[in-house]
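Participant:
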Amino acid sequence: MKQLILTLCLLGGWASAAQTRLPDGTWEDRDLAFLLLDESVRADGALSLCIAKEDQCIQNLTVGFTVRVFDRAGKEIWNSVWTGRTMDIQFSKPLPQAARLEIEASGNFVVNRTTANRISTREPLTLSVPLNETTKP
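The sequence shown begins at -17 in the numbering used here and counts up one residue at a time.
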C-alpha cells in the first residue's frame, strides 16, 4: 500500500511539473500527444490509447475525442465521438477494410482528473495512424 501511494505521488508530481502556469493562472502543456497503445481495429474493432508526454502515458489526463476510420481509398467508413472517460475503445463491430485512423480531441485542452484543472494544449491533440497492411483482418 505504501508503495502504491508513493508511486501515485511521484506520478502526480511528474505530471504537474510538466505543465507551465501562465500569468492568468491557467495551465499549459504544449508537449502532450495521443499515444496508441494497442490496436486491433481490423480484427476485433478495438484500440487503446492514452495522453502522453515523451511517450510516457499520463493516466490522470483525459479529453473527449473523435475517432474516424478510413479505408484504402480514403473514404470514411466509421466515425464516433468518445467522452474520454475511458481510452480503451471498442467499436460495435470489427472493421476489416480499415486502412487509417484519425483521432482528434474535441478541444484545445485536456483535463487533469485529480484536480479537475484544464490544461491548454493550444491546439487540439491529433493522431493519424496508418494500419499495418500485413495484419490479418
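Built from N, CA and C at the ideal position, the CB exists for glycine as well. Keep in mind that this is a model prediction, so the values were computed, not measured.
Out of Leu113, Asn114, Pro106, Val92, state which residue places its alpha-carbon closest to the alpha-carbon of Thr8.
Facilitator: Looking at the Cα atoms, Val92 is the closest of the given residues.
Participant: Between Thr44 and Arg95, is the Cβ-Cβ spacing less than 8 Å?
Facilitator: In this structure, Arg95 lies closer than 8 Å to Thr44 by Cβ.
Participant: Alpha carbon to alpha carbon, how far is Phe73 from Glu21? Give it in angstroms, no decimals.
Facilitator: One C-alpha to the other measures close to 12 Å.
Participant: DSSP puts Arg82 in a beta bridge; with which residues?
Facilitator: According to DSSP, which records beta bridges pairwise, Arg82 is partnered with Phe52, Pro112.
Participant: Quick check on the DSSP output: the beta strand (DSSP E) that includes Lys35 runs from which residue to which?
Facilitator: 28 to 35 is the extent of the beta strand (DSSP E) around Lys35.
Participant: Does the contact criterion of 3 or more C-beta pairs under 8 Å hold for the segment 23 to 37 versus the segment 60 to 75?
Facilitator: Yes: at least three Cβ pairs fall under 8 Å.
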